[in-house]
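Chains A and B are the protein sequences, given in the same order.
Using the working numbering, the letters of the first sequence map in sequence onto residues 166 to 519.
Using the working numbering, the letters of the second sequence map in sequence onto residues 166 to 519.
In this text, a Cβ means the ideal position worked out from N, Cα and C, and glycines have one as well.
Note that the structure is a prediction, hence the values are computed from the model and not measured.
Single-structure report; data block below.
Protein chains: 2
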Amino acid sequence: MKPTLQAVADAVGVSRSTVSNAYARPDQLSAALRQRILETAKAMGYPGPNPTARSLRRGYVGAIGVLFTSRLSYAFTDPFAVRFLAGVSAAAEGHGTSLLLVPMPGDRAEARHAVENAAVDGFCVYCAGDETWALNALRDRGLPFVTTAPPEDAGPDDRYVGIDERAAARGIAAHVASLGHRRVALLGDSVLPDAPAGPLRLPAADRVPHTTTRGRFAGFADAFAEVGVAWSDLTVLTAPGNDRRAAAAAVAGLFDGPDAPTAVLACSDVLALGVLDVLAGPEHAGRPPVSVTGFDDIAEAATVGLTTVRQPAEEKGRIAAELLLDPPADPAAAHVLLPTALVVRTSTGPVPRS
Amino acid sequence: MKPTLQAVADAVGVSRSTVSNAYARPDQLSAALRQRILETAKAMGYPGPNPTARSLRRGYVGAIGVLFTSRLSYAFTDPFAVRFLAGVSAAAEGHGTSLLLVPMPGDRAEARHAVENAAVDGFCVYCAGDETWALNALRDRGLPFVTTAPPEDAGPDDRYVGIDERAAARGIAAHVASLGHRRVALLGDSVLPDAPAGPLRLPAADRVPHTTTRGRFAGFADAFAEVGVAWSDLTVLTAPGNDRRAAAAAVAGLFDGPDAPTAVLACSDVLALGVLDVLAGPEHAGRPPVSVTGFDDIAEAATVGLTTVRQPAEEKGRIAAELLLDPPADPAAAHVLLPTALVVRTSTGPVPRS
DNA sequence: CTCCCCCTCTGGATCGATTCAGAACTGGAT
DNA sequence: ATCCAGTTCTGAATCGATCCAGAGGGGGAG
Numbered sequence: 166m167k168p169t170l171q172a173v174a175d176a177v178g179v180s181r182s183t184v185s186n187a188y189a190r191p192d193q194l195s196a197a198l199r200q201r202i203l204e205t206a207k208a209m210g211y212p213g214p215n216p217t218a219r220s221l222r223r224g225y226v227g228a229i230g231v232l233f234t235s236r237l238s239y240a241f242t243d244p245f246a247v248r249f250l251a252g253v254s255a256a257a258e259g260h261g262t263s264l265l266l267v268p269m270p271g272d273r274a275e276a277r278h279a280v281e282n283a284a285v286d287g288f289c290v291y292c293a294g295d296e297t298w299a300l301n302a303l304r305d306r307g308l309p310f311v312t313t314a315p316p317e318d319a320g321p322d323d324r325y326v327g328i329d330e331r332a333a334a335r336g337i338a339a340h341v342a343s344l345g346h347r348r349v350a351l352l353g354d355s356v357l358p359d360a361p362a363g364p365l366r367l368p369a370a371d372r373v374p375h376t377t378t379r380g381r382f383a384g385f386a387d388a389f390a391e392v393g394v395a396w397s398d399l400t401v402l403t404a405p406g407n408d409r410r411a412a413a414a415a416v417a418g419l420f421d422g423p424d425a426p427t428a429v430l431a432c433s434d435v436l437a438l439g440v441l442d443v444l445a446g447p448e449h450a451g452r453p454p455v456s457v458t459g460f461d462d463i464a465e466a467a468t469v470g471l472t473t474v475r476q477p478a479e480e481k482g483r484i485a486a487e488l489l490l491d492p493p494a495d496p497a498a499a500h501v502l503l504p505t506a507l508v509v510r511t512s513t514g515p516v517p518r519s
Numbered sequence: 166m167k168p169t170l171q172a173v174a175d176a177v178g179v180s181r182s183t184v185s186n187a188y189a190r191p192d193q194l195s196a197a198l199r200q201r202i203l204e205t206a207k208a209m210g211y212p213g214p215n216p217t218a219r220s221l222r223r224g225y226v227g228a229i230g231v232l233f234t235s236r237l238s239y240a241f242t243d244p245f246a247v248r249f250l251a252g253v254s255a256a257a258e259g260h261g262t263s264l265l266l267v268p269m270p271g272d273r274a275e276a277r278h279a280v281e282n283a284a285v286d287g288f289c290v291y292c293a294g295d296e297t298w299a300l301n302a303l304r305d306r307g308l309p310f311v312t313t314a315p316p317e318d319a320g321p322d323d324r325y326v327g328i329d330e331r332a333a334a335r336g337i338a339a340h341v342a343s344l345g346h347r348r349v350a351l352l353g354d355s356v357l358p359d360a361p362a363g364p365l366r367l368p369a370a371d372r373v374p375h376t377t378t379r380g381r382f383a384g385f386a387d388a389f390a391e392v393g394v395a396w397s398d399l400t401v402l403t404a405p406g407n408d409r410r411a412a413a414a415a416v417a418g419l420f421d422g423p424d425a426p427t428a429v430l431a432c433s434d435v436l437a438l439g440v441l442d443v444l445a446g447p448e449h450a451g452r453p454p455v456s457v458t459g460f461d462d463i464a465e466a467a468t469v470g471l472t473t474v475r476q477p478a479e480e481k482g483r484i485a486a487e488l489l490l491d492p493p494a495d496p497a498a499a500h501v502l503l504p505t506a507l508v509v510r511t512s513t514g515p516v517p518r519s
């Protein structure tokens, strides 16, 4: 068994408190004694005060949790999520805080369990706001948390950092509309739970459970409504995940008919890249070009010339962590909206004359 | 103050143990009582058993640490590290384990502190093996750990998952040598601590503190020795970090003279990309092409046509975590060498006739 | 020579749970 | 009526530290 603080105290012949002080408050004992204690501890193979015991007694942990509403391994696959994490970690590092990555597996019971068992002082929630049940688990846990979108039923005490999803989406859709596109498809990740990849009947944009996707769809719809294209005239596509393959599956066969869409508005760059993959494929060779837009402006968007909406990813993570680690005195200051920018590149162009 | 388990017990009129059982061992009490306890707990706003207290008593935490020998925010900047993390998290998820990201900042005292204070059951160490002092901190802590390279003084009980750095490096260098290159530069990250970006006098490959870089340099040297190019004829360059900018700084001015190298062998794809940035820049326009190789085969390597060595990144992470979470009975099975492959693309070519 | 203060160090209470041996009760078989 | 085997619940010990009020001792001021 590993020696405990008590064992070291006995070996040196001092009290437990003194050994504790040797580690945590050097000013509380003489340098000589401290020296002797640390040496004995080392000789005995004492690994230093047990972090768990320390946290219990002190009442805080020194770590914050990052909650993903997806599988953890997906988080690392999504470049935007990775940049968000980079921001969170930068802020955490500045506060001497570690990061606990908490997986929330599909199973809700397990997920609750994960939230309840995480030894942390608070949570940054990535990409929830839709998953109200996850927020409920968090509320029950009674720890502070920050979300990356205003929660469904946002109260004045909720803290979040997001963007104006709807306005940003309207902006990029307006760009596409101004190019003359009227037959348009919208592509989102898991628009309706468990729907198979492909087109979907959706009565209205506000039926989407995922808040981010809902906001973006609503913005797309706003822009097209302005040019006389009704929601019911838009094709809604769902991908079974936020990755290229899923997007490719979602648009399979989409461009076949004579009335095929001339533009696809995706809810993320990763999805847009999947669409571009299909358009670059052999099946599409020789056909008229299709405009494609993304969202987020990940690094690869620039290299392939994807028109997209830029949002400050690291910044989002950094601010989320700051909001958690030292909350502003004024609770209103804990509702942050970050700026976005339309980035027009080569993936969008005028409607081809047929 | 949040209610404790004891408070719930008092409210229901049962003992602490019974409430504890209601959460952790439903079979130890009647369904009716359990139901009543859980309801009361909910009504009181009891957040469930305190994870810290639970870990203390149970003796394990349910989380593993991932140790980076760099700042945490760098870890997310490096695509290879991200893929490694994806692998670790996939394995952790399978075990219902969370991931604590532990940065080891430059300051050694702080770094030790970080290791000593992490509430985890074990560590995966990314990219150490060089930093023997980090391993010492780990050994002192007395927790199991897995490294991504054999430690300096690897014992039979050490667990690690790596590749044969030297053989892989020799392979790619042999490819470059076979193309006729004889004036060659080697580029590594922080080859010597605190050296400024640029060329370096290094008596021999085995003087590099970082084990990974050392292995790769040694492999490069092997291949060139075979075609009659001595170590002293190779140019050694150091970059002050593993990123494009650092690499660009390291090769600044390198291609100016008449005897400029015709090939640059980098120790990572990210560094190689930085070299390509310089070669694609205006200063280099019109000059003869320079062959460049990387290492790791990150996603971007394929898109820019970088010749490199492929190694299974996610696999490495996954196996590291597995090795930690359920160690093989046979300790020899805890020394894993993963296969690598030379990927020849367009960034390497024959020496231009001058 | 006292008195008082400062510096070191100690003891016991405490953080919030888990665990396990055993007490109390229940019901069925003998 | 007695006994036994389950089932359900309890109590005390324990995990490994931190914290705070206060004890003891040494030195300087009066």
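Checklist entry - To the nearest angstrom, how far is it from the Cα of residue 273(B) to the Cα of residue 281(B)? => result Numbered from 1 along the second sequence, position 108 holds the residue referred to as residue 273(B). Numbered from 1 along the second sequence, position 116 holds the residue referred to as residue 281(B). Their Cα atoms are separated by approximately 12 Å.
Checklist entry - Going along chain B in order, which residues have a C-beta closer than 8 Å to the C-beta of residue 241(A)? => result Position 76 of the first sequence, counted from the start, is the residue given in the question as residue 241(A). The answer, in chain order, is 247, 248, 250, 251 and 254.
Checklist entry - Using 8 Å as the limit for Cβ to Cβ distance, is residue 412(A) near chain B? => result Here residue 412(A) corresponds to residue number 247 of the first sequence, with the count starting at 1. So, not an interface residue.
Item to check | Length of the line joining the Cα atoms of residue 403(A) and residue 361(A) | outcome: Walking along the first sequence from the start, residue 403(A) turns up at place 238. Walking along the first sequence from the start, residue 361(A) turns up at place 196. One C-alpha to the other measures close to 7 Å.
Item to check | Runs of alpha helix (DSSP H) wholly within the region 325 to 395 of chain A (minimum 4 residues, chain order) | outcome: 330 to 343 and 376 to 391
Checklist entry - Would you say residue 235(A) faces chain B, with C-beta separation under 8 Å as the test? => result Walking along the first sequence from the start, residue 235(A) turns up at place 70. Chain B, which has no Cβ nearer than 8 Å to the Cβ of residue 235(A), makes this no.
Checklist entry - Between residue 268(B) and residue 258(A), is the Cβ-Cβ spacing less than 8 Å? => result On the second sequence, residue 268(B) is found 103 positions in, with the first residue counted as 1. On the first sequence, residue 258(A) is found 93 positions in, with the first residue counted as 1. Yes.
Item to check | Residue-chain proximity (residue 205(A), chain B), Cβ-Cβ < 8 Å | outcome: Start at 1 with the first residue of the first sequence, and residue 205(A) comes out as number 40. No, its Cβ sits nowhere closer than 8 Å to a Cβ of chain B.
Checklist entry - Excluding sequence positions up to five away, which residues of its chain have a Cβ less than 7 Å from the Cβ of residue 342(B)? => result Counting from 1 along the second sequence, the entry for residue 342(B) is found at position 177. Here the set comprises 388, 389 and 392.
Checklist entry - Looking only at DSSP bridge pairs, what is residue 291(A) linked to? => result For the purposes of this step, residue 291(A) is taken as residue 126 along the first sequence, with counting starting at 1. 233(A), per the DSSP bridge assignment.
Item to check | When 455(B), 473(B) and 177(B) are compared against residue 463(B), the one with the closest alpha-carbon | outcome: Residue 463(B) sits at position 298 when you count from the first residue of the second sequence. Of the listed residues, the one whose Cα sits closest to residue 463(B) is 473(B).
Checklist entry - Out of curiosity, what's the CA-to-CA distance linking residue 309(B) and residue 287(B)? => result Reading the second sequence from its first residue, position 144 is the one you call residue 309(B). Reading the second sequence from its first residue, position 122 is the one you call residue 287(B). Each residue's alpha carbon lies about 5 Å from the other.
Checklist entry - Where residue 443(B) and residue 169(A) are concerned, what is the direct C-alpha to C-alpha distance, given to the nearest angstrom? => result If you number the second sequence from 1, residue 443(B) lands on position 278. If you number the first sequence from 1, residue 169(A) lands on position 4. When rounded, the distance between both Cα atoms is 56 Å.
Checklist entry - If we count the other Cβ atoms within 10 Å of its Cβ and call it buried at 16 or more, is residue 459(A) buried or exposed? => result Stepping through the first sequence from its first residue, residue 459(A) is reached at position 294. Result: buried.
Checklist entry - According to DSSP, is residue 314(B) helix, strand or coil? => result Locating residue 314(B) in the second sequence gives position 149, counting from the first residue. Three-state result, residue 314(B): coil.
Checklist entry - Can you tell which of 482(B), 187(B), 457(B) and 238(B) has the C-alpha that lies nearest to the C-alpha of residue 426(B)? => result Position 261 of the second sequence, counting from 1, holds the residue named residue 426(B). The residue with the shortest Cα to Cα distance from residue 426(B) is 457(B).
Checklist entry - Any Cβ of chain A within less than 8 Å of the Cβ of residue 305(B)? => result Numbered from 1 along the second sequence, position 140 holds the residue referred to as residue 305(B). Residue 305(B) counts as touching chain A.
Item to check | Reduced DSSP category for residue 518(A) - H, G, I as helix; E, B as strand; rest coil | outcome: Against the first sequence, residue 518(A) aligns to sequence position 353. Reduced to three states, the DSSP call for residue 518(A) is coil.
Checklist entry - Using a beta-carbon distance below 8 Å, is residue 167(A) in contact with chain B? => result Translated into positions along the first sequence, residue 167(A) becomes position 2. It does: the Cβ of residue 167(A) has a partner Cβ on chain B nearer than 8 Å.
Checklist entry - Going straight from the alpha carbon of residue 369(A) to that of residue 351(A), what length do you get? => result In the first sequence, the residue the question calls residue 369(A) occupies position 204. In the first sequence, the residue the question calls residue 351(A) occupies position 186. If you take the alpha carbons of residue 369(A) and residue 351(A), they lie about 13 Å apart.
Checklist entry - CB residue 249(B) to CB residue 439(B), shorter than 8 Å? => result Walking along the second sequence from the start, residue 249(B) turns up at place 84. Walking along the second sequence from the start, residue 439(B) turns up at place 274. Not a contact, by the Cβ cut-off of 8 Å.
Next on the checklist: Measuring CB atoms only, is the region 496 to 512 of chain A touching the region 316 to 328 of chain A, in the sense that at least three cross pairs come out at less than 8 Å?
Outcome noted: yes
Item to check | Close beta carbons around residue 277(B), own chain, < 7 Å, minus the five adjacent residues each side | outcome: Counting from 1 along the second sequence, the entry for residue 277(B) is found at position 112. Same-chain partners within the cutoff: 302.
Item to check | Residue of 386(A), 307(A) and 290(A) minimising C-alpha distance to residue 400(A) | outcome: For the purposes of this step, residue 400(A) is identified with residue 235 of the first sequence, where counting begins at 1. With distances taken between Cα atoms, residue 400(A) lies closest to 386(A).
Checklist entry - Just to confirm, are residue 516(B) and residue 340(B) a CB contact at a threshold of 8 Å? => result Indexing the second sequence from 1 puts residue 516(B) at position 351. Indexing the second sequence from 1 puts residue 340(B) at position 175. Contact flag unset, no.
Item to check | Coil, strand or helix - residue 477(A) by DSSP | outcome: Sequence index remark: in the first sequence, residue 477(A) carries index 312 (1-based). Three-state DSSP puts residue 477(A) in coil, outside helix and strand.
Checklist entry - What are the complete alpha helix (DSSP H) segments, minimum 4 residues, inside the region 400 to 478 of chain A? => result 409 to 415, 434 to 445 and 464 to 469
Checklist entry - For residue 338(A) versus residue 441(A), is the C-beta spacing smaller than 8 Å? => result Within the first sequence, the letter at position 173 stands for residue 338(A). Within the first sequence, the letter at position 276 stands for residue 441(A). Result no, Cβ atoms of residue 338(A) and residue 441(A) do not sit closer than 8 Å.
Checklist entry - Quick one: what does DSSP say residue 303(B) is sitting in, helix, strand or coil? => result Residue numbering aside, residue 303(B) sits at position 138 when the second sequence is read from its first letter. Looking at residue 303(B) - three-state DSSP - the assignment turns out to be helix.
Checklist entry - So which residues on chain B does residue 441(A) lean against when the C-beta distance must stay under 7 Å? => result As a working mapping, residue 441(A) is identified with position 276 in the first sequence. Simply none; closest approach about 13 Å.
Checklist entry - Around the C-beta of residue 223(A), are 16 or more other C-beta atoms found within 10 angstroms, so that it is buried, or is it exposed? => result Indexing the first sequence from 1 puts residue 223(A) at position 58. The residue is exposed, with fewer than 16 neighbouring Cβ atoms inside 10 Å.
Item to check | Distance between residue 335(A) and residue 383(A) (C-alpha atoms, nearest Å) | outcome: Indexing the first sequence from 1 puts residue 383(A) at position 218. Indexing the first sequence from 1 puts residue 335(A) at position 170. Cα to Cα, the separation comes out at about 8 Å.
Item to check | Cβ-based contacts, 7 Å cut-off: residues of the region 267 to 284 of chain B near chain A | outcome: 267, 268, 281, 282, 283 and 284
Checklist entry - If the cut is a Cβ gap below 7 Å, which residues of chain A does residue 512(B) touch? => result Start at 1 with the first residue of the second sequence, and residue 512(B) comes out as number 347. Near residue 512(B) there are no residues of chain A at all, since even the closest Cβ is about 16 Å away, more than 7 Å.
Next on the checklist: 8 Å is my cut-off, CB to CB: does residue 422(B) come that close to chain A?
Outcome noted: As a first step, residue 422(B) must be located in the second sequence, where it is residue number 257. It does not; no Cβ of chain A falls within 8 Å.
Item to check | Residue-chain proximity (residue 258(B), chain A), Cβ-Cβ < 8 Å | outcome: Taking the first residue of the second sequence as position 1, residue 258(B) is located at position 93. Residue 258(B) counts as touching chain A.
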